[in-house]
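Numbering (my numbering), first residue to last: 20 to 263. Encoded as structure tokens, the structure appears first; notes follow it.
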């Protein structure tokens with residue numbers, strides 16, 4: 020397991036060009052032994068978004084290149100080699116919410132709050148939020164956030180599917196590490212199929228999605244690690260599903 024922490028607490032972990040490049044490099048070059056990554060923010064906030072001080076004077080071409088750099092970085096997170104769990108607390112705003120939405124699971128603490136203030140600042144999302152955030156919460160809710168600057172608290176974020184888990188203040192990292200330990204015991208090919216195939220199947224027609232599902236199911240169950248797990252279940256060496 021690899022723990023990656025945003026470390027600009029004095030700036031509420033605003034994403035500068037340097038920080039974006041560092042994140043991209045980390046997720047493109049994960050050590051082969053890593054099974055799961057946990058992403059968190061130092062200080063009182065996860066991430067308050069884009070560092071606007073760096074973008075105020077960019078022209079259109081430079082703005083386009085900058086946005087595409089965010090897309091490349093967050094694609095490396097969502098479509099990288101391992102599942103990623105984000106630990107959310109304090110501000111999860113603008114680009115911070117776009118970053119969180121690129122993770123596969125999100126654990127929120129009670130202090131987390133969510134906003135997309137782009138409309139009130141005269142800009143538009145540029146880090147993939149129009150795709151990822153809208154799929155989490157729906158276009159209508161995202162439109163409300165962007166037009167009005169509406170802020171959702173941690174409980175609303177949980178109800179609206181921004182977070183998968185809601186825990187007490189200061190408990191997020193421990194919960195994420197426990198989830199990571201559990202996920203790391205899965206067959207690596209199964210984890211890869213889950214994180215890579217599901218979002219792509221969602222983009223397909225129903226019939227095409229079902230065909231890709233069959234392909235992925237066949238590939239996954241043909242893996243030796245999967246066969247051993249099935250044998251363990253049939254031999255009653257693996258636990259059955261029970262309510263927790």
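Every residue gets a Cβ at the ideal spot worked out from N, C-alpha and C, and that includes glycine. Computed from a prediction, not measured in an experiment: that's the story for all the values here.
Per DSSP, the bridge partner or partners of residue i
i: residue 163; result: In DSSP, residue 163 forms no bridge with anything.
i: residue 184; result: 126
i: residue 69; result: 34
i: residue 103; result: 56
i: residue 112; result: 134
i: residue 22; result: 57
i: residue 171; result: 133
Same chain, Cβ closer than 8 angstroms to residue i, neighbours up to 5 away in sequence not counted
i: residue 122; result: 58, 96, 97, 103, 104 and 105
i: residue 43; result: 88, 91, 92 and 95
i: residue 169; result: 134 and 163
i: residue 29; result: 62
i: residue 189; result: 128
i: residue 84; result: none
i: residue 187; result: 128 and 129
Cβ pair residue i, residue j closer than 8 angstroms
i: residue 21; j: residue 38; result: no
i: residue 81; j: residue 113; result: no
i: residue 129; j: residue 173; result: yes
i: residue 148; j: residue 124; result: no
i: residue 185; j: residue 127; result: yes
i: residue 108; j: residue 228; result: no
i: residue 156; j: residue 132; result: no
i: residue 34; j: residue 70; result: yes
i: residue 120; j: residue 151; result: yes
i: residue 213; j: residue 232; result: no
i: residue 202; j: residue 74; result: no
Cβ-based neighbour list, residue i, same chain, cut-off 6 angstroms, excluding 5 preceding and 5 following
i: residue 100; result: 49
i: residue 2; result: Residue 2 cannot be examined here, being either before or after the span of the chain that is shown, 20 to 263.
i: residue 164; result: 135
i: residue 143; result: 137
i: residue 46; result: 95, 96 and 99
i: residue 195; result: 57, 104, 106 and 126
i: residue 154; result: none
i: residue 210; result: 102
Beta-carbon contacts of residue i that lie in its chain and below 7 angstroms, excluding the five residues immediately before and after
i: residue 52; result: none
i: residue 166; result: 138
i: residue 215; result: 98
Rounded Cβ spacing between residue i and residue j (contact assumed at less than 8 angstroms)
i: residue 217; j: residue 239; result: In fact, because the Cβ distance is near 12 angstroms, the residues do not count as touching under 8 angstroms.
i: residue 145; j: residue 86; result: 4 angstroms
At what residue ranges does the segment 208-249 contain a whole run of the alpha helix (DSSP H), taking only runs of 4 or more? 225-240
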